[in-house]
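Protein chains in written order, with the working numbering: chain A, 1 to 99; chain B, 100 to 469.
Encoded as structure tokens, the structure appears first; notes follow it.
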Amino acid sequence: MRRLLTPLIAPDPDVLDSPLGLHPSVALRPEPFGALAYHYDNRRLVFLKHPSIVDVVRSLSDHPDLRTALEANGIASEQWDAYDRAITSLIESEVVIAR
Amino acid sequence: MTRLVEQMKSGLDAPICITWELTYACNLACVHCLSSSGRRDPRELSTAEAFGVIDELRSMQVFYVNIGGGEPMIRRDFFDIVDYATGSGVGVKFSTNGTFIDAARAKQLASMEYLDIQISIDGADEVTNDRVRGAGSFATARRAMEHLAAADFGEFKISVVITRDNVTQLDDLLALADGLGAQLRLTRLRPSGRGTDTWHELHPTLDQQRDLHRWLLAHGERVLTGDSFFHLNALGESLPGLNMCGAGRVVCLIDPVGDVYACPFVIHDEFLAGNVRDEGGFTRVWRSSDLFADLRGPQSAGACASCGAWDACQGGCMAAKFFTGLPLDGPDPECVGGDGEDALAAVTSVPRPSADHSSPQPVQVVLGQR
């Protein structure tokens, strides 16, 4: 069932322009280093290793795409590549999904 | 990763996962039982108290608990407790010997959400398994696994404690799991509980540990280990996982009477942090106990400080050292550099587990008669 989500995401070469959101089965628990994300469907635990990535992830659904979410969170554009990679990895672990 | 591991070592606001032994009652009498289970303790938590613990776990955002025992399904309120947890968003993985899983129970379990099951066996065949877990226990577990597979439960776990006898059966165990659509989970034998008396004969030899390390490197992606074998990292290439002792930092144990210990393998007064019945409950124990504060502080490498492998193995397992009478700041008894064997030779006295719930003799249980 969850595998069906992958084709929606994988062909999109530019994560920055994608409308994204937190997977509805994922819970975020704040921690000093960032957050723990727990996926209730696949029971996987994922570490969000910086507080600002947590802010970005939480705000994804409030914005039309990742780029806008990064701007809204005051992330400098030279850091966007790093955020692109981090979010891509969260998409792979199904913490973040296309909406 | 290093910064993250450092953060974990200094402790989290709530555990990542908790082991919760629901009862000391058990119909088996496995020779390595880490909680010396057999007879129920009259002071075990009531249903209402168990619900109270779950309320705390939910508000701390503990995502899941590993429920065990004893045999947890012996508790008459077992399903009430599981339902209450999963209904609260606290996922459950429970360990069982399979005695109480018949076709109907398997169907019921398959219909439940946020639930995972771990069936324990300690060998790929009846002879090897039953030597540790008792006569008939392999057949019982096998039947439970077949019921789960037939009920389309999905990928349940088969949990194996690695011993000198079954470490040669890793391929067979993996094949057994594959054949049932299950995932194999391997954990390390600790000298805890009744294991205090049997560890010396049962733990894998040094050569076997090398074979195990190679096997885990080759199959690690498909096999769960609960980060059990990080002491093997001193052999070279690191196994997947956090490579740290999580006791009191990211994990802990709640025992059937509500006592909170640093980990499931150290049921001893020295590692008792408090009780969930105390003022402030589990939350306060986790966040404020002196013991946990100590475990989250910097740990000395002690006698291992001059060893080049310490970064890789972190000195191994606290419980393994404690119950073999070794100092906590020295080598693990199964140190792959061989230092543990030398240290063990010098041990004169060994701590005993704080309590023994063993039955006078194993109870014969027939399914449907509880």
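We put the beta carbon where it would ideally sit given N, CA and C, even for glycine.
Residue i (DSSP reduced to helix, strand or coil)
i, result
"B/Gly294", "helix"
"B/Tyr183", "helix"
"B/Leu352", "strand"
"A/Phe33", "coil"
"B/Gln160", "coil"
"A/Ser59", "helix"
"A/Asn73", "coil"
"B/Asp221", "coil"
"A/Ser52", "helix"
"A/His39", "strand"
"B/Gly439", "helix"
"A/Glu94", "coil"
"B/Tyr360", "strand"
Length of the line joining the Cα atoms of residue i and residue j
i, j, result
"B/Gln217", "B/Ala248", "13 Å"
"B/Ser136", "B/Leu352", "15 Å"
"B/Ala124", "A/Ile91", "44 Å"
"B/Arg157", "B/Gly188", "7 Å"
"B/Ala400", "B/Gly186", "43 Å"
"B/Pro426", "B/Lys420", "7 Å"
"A/Arg67", "A/Lys49", "20 Å"
"A/Ile9", "A/Pro64", "Note that A/Ile9 scores a pLDDT of 43, beneath 50, so its modelled location is shaky; the value from the coordinates is reported in the next line. Cα to Cα, the separation comes out at about 16 Å."
"B/Gly380", "A/Tyr40", "26 Å"
"B/Asp176", "B/Phe150", "11 Å"
"B/Val449", "B/His302", "17 Å"
Residue-chain proximity (residue i, chain B), Cβ-Cβ < 8 Å
i, result
"A/Arg43", "yes"
"A/Glu92", "no"
"A/Tyr40", "yes"
"A/Pro32", "yes"
"A/Leu116", "Because chain A spans 1 through 99 in this model, residue 116 of chain A falls outside it and cannot be assessed."
"A/Ala27", "yes"
Short CB-CB distance (under 8 Å) between residue i and chain A
i, result
"B/Leu111", "yes"
"B/Gln106", "yes"
"B/Leu394", "no"
"B/Ile261", "no"
"B/Asp183", "According to the sequence provided, residue 183 of chain B is Tyr. The question's Asp does not apply to it. So, not an interface residue."
"B/Ile115", "yes"
"B/Leu323", "no"
"B/Gly190", "yes"
"B/Tyr213", "yes"
"B/Leu103", "yes"
**Study point:** Residues within the region 148-177 of chain B neighbouring chain A, beta-carbon criterion of under 9 Å
**Key:** Cβ contacts with chain A: Met159, Gln160, Val161, Phe162, Tyr163.
Check your understanding: For the region 371-429 of chain B, which segments carrying the beta strand (DSSP E) assignment without a break, of at least 3 residues, lie completely within its bounds, in sequence order?
Key -> Listed in chain order, the complete beta strand (DSSP E) runs (minimum 3 residues) inside the region 371-429 of chain B are 371-374.
Point to revise | Segments of 3+ residues assigned as beta strand (DSSP E) that fall wholly inside the region 227-285 of chain B | key: The region 227-285 of chain B contains these whole beta strand (DSSP E) runs: 256-261.
Point to revise | Positions along the region 54-85 of chain A whose CB lies within less than 9 Å of some CB in chain B | key: Under the 9 Å Cβ criterion, the region 54-85 of chain A contributes no residue.
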